[in-house]
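Okay, structure first, notes after.
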Amino acid sequence: MLGRSANGIFWLFRNLERAENTARLVEAGFRMALTRDARDASDEWRSVIVTLGLRGLYEAKFGADYVGTNVINFILRDKDNPGNVLTMCEMARTNARMVRAGITREVWESVNDSWLKMRELLARPVTETRLGDVLDTIRRQSTQVRGAMEGTMLRNEIYNFARIGSFIERADNTARILDVKYYVLLPSISYVGSSLDNVQWENVLRSLAGERAYRWLNAGRMEARGIAEFLILDSRFPRSLAFCYGKLKSNLEHLAREYGNETEAHAILSEVDCDLHHTTIDAIFEQGLHEYIAQFINRNTRLANQIQYDYRFID
Amino acid sequence: MKAASPSSYDEMFTADGAVRPAYRGYSEWYEQQPADLLRRKGTEAEAFFRRTGITFNVYGNEDAEERLIPFDMVPRIITAQQWRRLSRGIEQRVRALNAFLHDLYHRQEIVRSGRLPARLLEKNPAFLPQMVGFTPPGGVYTHIVGIDLVRTGEDEFMVLEDNARTPSGVSYMLENRETMMAMFPELFTRVRVREVSDYPRRLARSLAACLPPAAKGHQPVVAVLTPGIYNSAYFEHAFLADQMGAELVEGSDLRIENGRIAMRTTQGYQPIDVLYRRVDDDYLDPLTFNPDSMLGVSGIMDVYRAGGITIANAPGTGIADDKAIYSFMPEIVEFYTGEKPILPNVPTWRCSEPDALKYVLEHLSELVVKEVHGSGGYGMLIGPTSSKKEIAAFAAKLAARPHNYIAQPTLSLSTVPILSRAGLTPRHVDLRPFVLVSPAGIDITPGGLTRVALKKGSLVVNSSQGGGTKDSWVLDD
């Protein structure tokens, strides 16, 4: 396949994954804001903006005033935010058009359909009343694309580049959410057991669609260390770092088999994957949760760059 | 149902409202459909096209969104017998076009014999000196041709235009059929219609039959070269690449390696045997043609001439569909085939000839005047529908550069009904059959693309000017 097509399919799935994760983050923020007084709600919205790396852009427009509808619209559709969700959907569609000859008709139609729906839903400002519907649609569309891909795409290099894009992005997003919220998870004597903590922790899980799975595994006990372990190291949970790397490993192995050789990217991957397998949550807390996550994000970005280089995404 | 207007030939109804034989099967089915069903299906079809992204971009309109080409659900039907005659005529014409191109770039016998004025080639940008003395792999110049036909009566088909560069529209031919079959499957069990769906396979086979000398014995590597996603026909480029199982490449994916044109794949550069290019000659090679082009590959013409790649269609084929050359097509057909043309030309005045120019200037309000090098309905005058002011302005342009124009009578194009709010209403149509040429022979897909002018009385069928399309049926015997 063409290097340019590999690049297109990689970014198609990165954009879709990012749109979906952004929707989850907004949803969790919205839920938190609903249960808080105005000042705490505003703190919560700020935290969402910070997680998305949009603080500078947001404050340039609105100042330090974090009002729910401003934040929501800024993230979802504001042209002053070049990474808004509508633009992500549009970029995903442009990527899909670029690789149209490499994806099945069903995958293309579902990506195109997503974009048409999002364009319609986000044509006017989103009110809090409409927010649920909008976020729900984003998630559903994303599921639909994934389903079309699972059901119709040949398991060849194209499929593997698509999956690699998804999991690089997902690992990055999970890590970023953890990085912004790490202080919530830091075991702190004065806060342990307070109800605020519990709600905050649950919110971290909720932004990553993990609240149900965590509760099920831990019989309802909320505990900071356990949550961090779940999100970083539990390879059964599909948004954990360990899970993403397990998938990346098998996708990159597939490429090595199909092409008959391993590349530099395989070396970086083994290093990170090996680390995720052998470390423990105690070791992570000892190193410092923030330091650990920052290092992970760094290595994940290196891996992405190396893949783009090894497989000639650009000239 | 309504009878057509008496002034032009309607392909479905006779002047007194009887259904013509070609449409009998369809008409029986149509009469049984509830009135609102077809209209509902129309909305369904539009949603279907939007979702599948069968759109085109309009040139000269920067902000234009991708638009849908309107699709009309009444098929355009041609009988087996009519088609036999048409395909013989098309085959003859395409054979002549290829022989003509070979001759133009070699001995120019037709010029020597005095049948074609040499001035038509001199300073003609469509004639490429780089092609002189070179024979493309397999001897094929136009691998893909679209012959635009218009009809004025029961057996009166004429060639309006030859498209020998990079004819487009075949994806609409295929998608229109898919849409009709998806919406009205039972119709196809009642009326036997000849298949068009294997066009991409036949195209792939035709292209693979013209391998360049440098190609190795392995499976031929075919790629489609597109200007990119902002090109008006991008959908078609992607569609054909997908259906052929070929790579869809852009200029930036290509470079020269070891005397071959190679594409950047995830595993390194891989040589291409046959390049189905959907980029104009002008943009193909910045070294040879337009130096500002980002769409082509520097040096591809040298590789081509050295036998490193097959380019389809061959560069320089535009000379054969030049509108000034067009008026000589009857002579050209006769010169190379030794036969009278089966399909006549539309009568044409060459404005470069003083007598013709005089006539044209005096009759502008009755004529259609076209630019010799123009295409797509841009820069033309349609006398009968133009204002006095428009005609005067055009006359000035024409008088200043007469050699740049040809003129044709305003033909009474045949009509086929479209489905409108009032039921079936006649609209003017043309037909573009698609022809594949390989050393093994000439292969014509039964049917083609029917374009329809959606405005009442309008004769302009171009999609860029608001025309629509229809599914085109050739009945099985």
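Chains as they are written, first to last, in the numbering used here: chain U, 1 to 315; chain H, 1001 to 1477. Backbone N, C-alpha and C define an ideal beta-carbon position, used for all residues, glycine too.
Practice item. Under 8 Å Cβ to Cβ from U/ARG14, same chain only, skipping five residues before and after it: list those, please. Key: Position 14 of the first sequence, counted from the first residue, corresponds to residue 14 of chain U. Closer than 8 Å at the Cβ level, and outside the excluded window around U/ARG14, lie GLY165, SER166, ILE168, GLU169.
**Study point:** Straight-line gap, H/ARG1165 to H/LEU1364 (C-alpha atoms, nearest Å)
**Key:** Against the second sequence, residue 1165 of chain H aligns to sequence position 165. Against the second sequence, residue 1364 of chain H aligns to sequence position 364. Rounded to whole angstroms, H/ARG1165 to H/LEU1364 spans 29 Å at the Cα level.
Review point. Is H/PRO1426 helix, strand or coil by DSSP?
Key: Within the second sequence, numbered from 1, the residue matching residue 1426 of chain H stands at position 426. In the three-state DSSP reduction, H/PRO1426 falls in the strand class (E or B).
Review point. Between U/MET1 and chain H, is there a C-beta pair that is closer than 8 Å?
Key: Here residue 1 of chain U is taken as the residue at index 1 of the first sequence, counted from 1. Taking 8 Å as the CB threshold, U/MET1 lines the interface with chain H.
**Study point:** When H/VAL1224, H/HIS1106, H/GLY1307 are compared against H/HIS1237, the one with the closest alpha-carbon
**Key:** Counting from one through the second sequence, the residue named residue 1237 of chain H turns up at place 237. For the options H/VAL1224, H/HIS1106, H/GLY1307, the alpha carbon positioned closest to that of H/HIS1237 is the one of H/VAL1224.
Review point. Any C-beta of chain U sitting closer than 8 Å to the C-beta of H/VAL1249?
Key: Taking the first residue of the second sequence as position 1, residue 1249 of chain H is located at position 249. Taking Cβ atoms only, chain U reaches closer than 8 Å to H/VAL1249, which makes this a yes.
Point to revise | Nearest-angstrom Cα separation, counted from H/ASN1258 out to H/GLN1270 | key: Taking the second sequence and counting its residues from 1, one reaches residue 1270 of chain H at position 270. Taking the second sequence and counting its residues from 1, one reaches residue 1258 of chain H at position 258. Looking at the two C-alpha atoms, the distance is approximately 11 Å.
Exercise for review: With a 10 Å radius around its C-beta and 16 neighbouring C-beta atoms as the bar for buried, classify H/PHE1239 as buried or exposed.
Suggested key: On the second sequence, position 239 is the one that residue 1239 of chain H refers to. Buried, since its Cβ has 16 or more Cβ neighbours within 10 Å.
Review point. Between the C-alpha atoms of H/LYS1041 and H/ASP1476, what's the straight-line distance to the nearest angstrom?
Key: Start at 1 with the first residue of the second sequence, and residue 1041 of chain H comes out as number 41. Start at 1 with the first residue of the second sequence, and residue 1476 of chain H comes out as number 476. The C-alpha of H/ASP1476 is placed about 26 Å away from the C-alpha of H/LYS1041.
Practice item. With 8 Å as the threshold, decide whether the Cβ of H/ASP1253 is near any Cβ in chain U. Key: Counting from one through the second sequence, the residue named residue 1253 of chain H turns up at place 253. Closer than 8 Å: yes.
Exercise for review: Starting from U/GLU157, find everything on chain H with Cβ-Cβ shorter than 8 Å and list it in chain order.
Suggested key: Taking the first residue of the first sequence as position 1, residue 157 of chain U is located at position 157. Chain H residues near U/GLU157: THR1266.
**Study point:** Length of the line joining the Cα atoms of H/ARG1088 and U/ARG4
**Key:** Residue 1088 of chain H sits at position 88 when you count from the first residue of the second sequence. Residue 4 of chain U sits at position 4 when you count from the first residue of the first sequence. Each residue's Cα considered, the two are about 43 Å apart.
Practice item. Check the C-beta distance from U/ILE284 over to U/ALA175 and give it rounded, since I have them as a contact under 8 Å. Key: Position 284 of the first sequence holds residue 284 of chain U. Position 175 of the first sequence holds residue 175 of chain U. Actually they are not in contact, since the Cβ atoms of U/ILE284 and U/ALA175 sit about 12 Å apart, beyond 8 Å.
Practice item. Kindly indicate if chain H contains any beta-carbon less than 8 Å away from that of U/MET153. Key: Against the first sequence, residue 153 of chain U aligns to sequence position 153. Chain H, which has no Cβ nearer than 8 Å to the Cβ of U/MET153, makes this no.
Review point. Nearest chain H C-beta to U/GLY226 closer than 8 Å, yes or no?
Key: Looking up residue 226 of chain U in the first sequence gives position 226. No, its Cβ sits nowhere closer than 8 Å to a Cβ of chain H.
Review point. Which full runs of the alpha helix (DSSP H) of 4+ residues lie inside the region 1107 to 1187 of chain H, going along the chain?
Key: Uninterrupted alpha helix (DSSP H) stretches at least 4 residues long and entirely within the region 1107 to 1187 of chain H occur at 1109 to 1112, 1170 to 1183, given in chain order.
Check your understanding: H/THR1052 touches chain U at which residues, Cβ-Cβ below 9 Å?
Key -> Locating residue 1052 of chain H in the second sequence gives position 52, counting from the first residue. Simply ARG105, TRP108, GLU109, ASN112.
Practice item. Can you pull the chain U residues whose beta carbon is under 7 Å from the beta carbon of H/MET1263, in chain order? Key: Residue 1263 of chain H sits at position 263 when you count from the first residue of the second sequence. Near H/MET1263 (Cβ distances below 7 Å), the residues of chain U are LEU2.
Point to revise | Min CB distance H/ALA1238 to chain U below 8 Å | key: Indexing the second sequence from 1 puts residue 1238 of chain H at position 238. Output row for H/ALA1238: interface = yes.
**Study point:** Whole-Å CB distance - U/ASP234 paired with U/ALA224, under 8 Å assumed
**Key:** Locating residue 234 of chain U in the first sequence gives position 234, counting from the first residue. Locating residue 224 of chain U in the first sequence gives position 224, counting from the first residue. Wrong, their Cβ atoms sit about 15 Å apart, outside the cutoff.
Point to revise | Nearest to U/ARG24 (by Cα), restricted to the options U/TYR245, U/ILE307, U/LEU205 | key: What you label residue 24 of chain U is simply residue 24 of the first sequence in a count that begins at 1. Considering only alpha carbons, the answer is U/LEU205.
Review point. Under 8 Å between the Cβ atoms of H/ARG1432 and H/GLY1169?
Key: What you label residue 1432 of chain H is simply residue 432 of the second sequence in a count that begins at 1. What you label residue 1169 of chain H is simply residue 169 of the second sequence in a count that begins at 1. In terms of Cβ geometry, H/ARG1432 and H/GLY1169 form a close pair [threshold 8 Å].
Check your understanding: For H/GLY1441, does the three-state DSSP call read helix, strand or coil?
Key -> Looking up residue 1441 of chain H in the second sequence gives position 441. Per DSSP, reduced to three states, the secondary structure at H/GLY1441 is strand.
Check your understanding: In whole angstroms, what is the alpha-carbon distance linking H/ILE1110 and H/PRO1117?
Key -> In the second sequence, residue 1110 of chain H corresponds to position 110, counting from 1. In the second sequence, residue 1117 of chain H corresponds to position 117, counting from 1. In this model, H/ILE1110 and H/PRO1117 are separated by some 9 Å (Cα to Cα).
Check your understanding: Do you know how far the Cα of H/ALA1126 is from the Cα of U/GLU120?
Key -> Counting from 1 along the first sequence, the entry for residue 120 of chain U is found at position 120. Counting from 1 along the second sequence, the entry for residue 1126 of chain H is found at position 126. If I take the Cα positions, the gap works out to 46 Å.
Check your understanding: Is there a Cβ from chain H that is less than 8 Å from the Cβ of U/LEU116?
Key -> On the first sequence, residue 116 of chain U is found 116 positions in, with the first residue counted as 1. Cβ-Cβ to chain H under 8 Å: yes for U/LEU116.
Practice item. Give me the Cα-Cα distance between U/THR22 and U/VAL85, rounded to the nearest whole angstrom. Key: Position 22 of the first sequence, counted from the start, is the residue given in the question as residue 22 of chain U. Position 85 of the first sequence, counted from the start, is the residue given in the question as residue 85 of chain U. Approximately 8 Å between the Cα atoms of the pair.
Review point. Between which two residues does the alpha helix (DSSP H) carrying H/ALA1396 extend?
Key: In the second sequence, residue 1396 of chain H corresponds to position 396, counting from 1. Looking at the DSSP string, the run of the alpha helix (DSSP H) that includes H/ALA1396 is 1388 to 1400.
Practice item. Note the first and the last residue of the continuous alpha helix (DSSP H) segment covering U/MET98. Key: Stepping through the first sequence from its first residue, residue 98 of chain U is reached at position 98. Judged by DSSP secondary structure, U/MET98 falls within the alpha helix (DSSP H) whose first and last residues are 85 to 98.
Review point. Just the Cα atoms here: how many angstroms apart are U/TYR309 and U/ASP315?
Key: Counting from one through the first sequence, the residue named residue 309 of chain U turns up at place 309. Counting from one through the first sequence, the residue named residue 315 of chain U turns up at place 315. In this model, U/TYR309 and U/ASP315 are separated by some 9 Å (Cα to Cα).
Review point. Are the C-beta of H/ALA1241 and some C-beta of chain U separated by less than 8 Å?
Key: Within the second sequence, residue 1241 of chain H is the residue found at index 241, counting from 1. Yes, H/ALA1241 lies at the interface with chain U (some Cβ there is under 8 Å from its Cβ).
**Study point:** Nearest-angstrom beta carbon gap, H/ILE1300 and H/ILE1261 [assumed within contact, 8 Å]
**Key:** Sequence index remark: in the second sequence, residue 1261 of chain H carries index 261 (1-based). Sequence index remark: in the second sequence, residue 1300 of chain H carries index 300 (1-based). Their Cβ separation, rounded to whole angstroms, is 6 Å, which keeps H/ILE1261 and H/ILE1300 in contact under 8 Å.
Review point. Which residues of chain H have a Cβ atom closer than 8 Å to the Cβ of U/THR280, listed in chain order?
Key: The residue given as residue 280 of chain U occupies position 280 in the first sequence. By Cβ distance, chain H contributes nothing, its closest Cβ being about 37 Å from U/THR280, past 8 Å.
Practice item. Spatial neighbours of U/ARG239 within its chain, please: CB distance less than 7 Å, with the 5 preceding and 5 following residues excluded, ordered by chain position. Key: Position 239 of the first sequence, counting from 1, holds the residue named residue 239 of chain U. Taken in chain order, the residues that qualify are ARG170, THR174, LEU208, ALA209, GLY210.
Check your understanding: Would the beta-carbon of H/GLY1468 fall within 8 Å of that of H/ASP1010?
Key -> Indexing the second sequence from 1 puts residue 1468 of chain H at position 468. Indexing the second sequence from 1 puts residue 1010 of chain H at position 10. Not a contact, by the Cβ cut-off of 8 Å.
Check your understanding: Under 8 Å Cβ-Cβ, which residues of chain U neighbour H/MET1229?
Key -> Your numbering for residue 1229 of chain H matches position 229 in the second sequence. Looking at the sequence itself, residue 1229 of chain H is Ile, so the reference to Met does not match. Within 8 Å Cβ-Cβ: THR94, ARG97, MET98.
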